[in-house]
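Q: Got a structure for you, questions after.
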Amino acid sequence: MKARLIRALVKPFPSVSEGFLAVPPAAVSVKPGLRSQFRAARDALGPRVRGEAAAAIAAKVVALAPYQDARRALFYATFGSEVDTAPLMAAAVASGREIILPRMDGRNLSLHRHRPGDPLVPNRLGIPEPSPAAPVVTLDAADLVLVPGLAFDRRGHRLGYGGGYYDRMLRTSPHAYRLGLAYQLQIVETLPALGHDEALDAVVTDADIFLFKRRHH
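Written out as structure tokens, the structure reads:
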């Protein structure tokens with residue numbers, strides 16, 4: 167029943183061959199509908215399914231060389247039905263890695279060092295964030311960046327929430343390894359992408375690992 171519901175929610179959308187990447191206005195216009203579609207599909211997953219998926223994703227991530235080589239990782243504090251980063255954060259702390267978390271600051275993300283027990287405060291959107299008083303770091307301090315999203319394609323493109331926060335942040339440090347976390351139902355063949363959309367190096371789901379050859383700026 168749940169699988170049929172998800173298939174009904176995730177409807178096909180135009181592919182590259184139909185011109186959505188070649189015509190930027192079309193790419194812009196289709197994104198809001200895709201966001202609603204994939205958010206509904208993700209929300210349809212129950213807590214148990216999401217919890218099992220988060221555990222499976224964490225097991226895959228910790229086995230990846232970029233994670234094993236990283237001493238500092240930029241996480242995101244889970245919001246809504248996003249892939250829960252708690253299992254990964256616990257593993258990172260246990261292995262002595264430094265945790266960095268983002269905080270919305272105007273149109274940008276401010277990055278802060280996070281330690282177990284440090285308070286997280288919901289922002290105006292309800293997203294948990296570190297306190298402004300937490301130690302500030304730059305993206306250059308992170309070896310690994312974990313990126314949330316509503317959908318991901320097989321070329322390393324990501325559909326975010328529309329604010330451009332991660333694209334602007336990632337642009338400042340193109341050499342940090344960018345790893346998307348997703349449920350398998352968030353993976354599609356092609357997403358509309360524009361020139362300012364930053365690509366990822368890999369996406370890990372509960373069922374698979376997708377590696378990309380990202381062109382560094």
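Here the sequence shown stands for residues 167 to 383, where the numbers follow the numbering used here. A virtual CB, placed ideally from N, CA and C, is assigned to each residue, including glycine.
Would you tell me roughly how many angstroms separate the C-alpha atoms of Q352 and P294, rounded to the nearest one?
A: Taking the straight line joining both Cα atoms gives about 23 Å.
Q: At 4 residues or longer, what runs of the alpha helix (DSSP H) sit wholly inside the stretch 285-341?
A: Here the runs fully enclosed are 331-337.
Q: Can you name the residues that DSSP bridges to F376?
A: In the DSSP output, where bridge partners are listed per residue, F376 has V369.
Q: What residues in its chain sit with their C-beta under 7 Å from that of V354, if we drop five residues either side in the sequence?
A: Excluding sequence neighbours, V354 sits near A317, D319.
Q: Per DSSP, what kind of secondary structure is V354 in: helix, strand or coil?
A: In this structure, V354 counts as strand in the three-state DSSP scheme.
Q: On a Cα-Cα basis, can you pick out the residue from V311, V302, T244 that is closest to N289?
A: For the residues V311, V302, T244, the minimum Cα distance to N289 belongs to T244.
Q: Less than 8 Å separating the beta-carbons of H278 and A256?
A: No, the pair does not count as a contact, with Cβ atoms beyond the cut-off.
Q: For R279, does the three-state DSSP call read helix, strand or coil?
A: DSSP places R279 in strand when its eight states are reduced to three.
Q: Which value, in whole angstroms, describes the spacing of the CA atoms of R380 and A365?
A: Cα to Cα, the separation comes out at about 7 Å.
Q: Between which residues of its own chain and D367 is the CB-CB distance below 8 Å, once the five residues before and five after are set aside?
A: P232, G322, Y343, R344, L345, L377, F378, R380.
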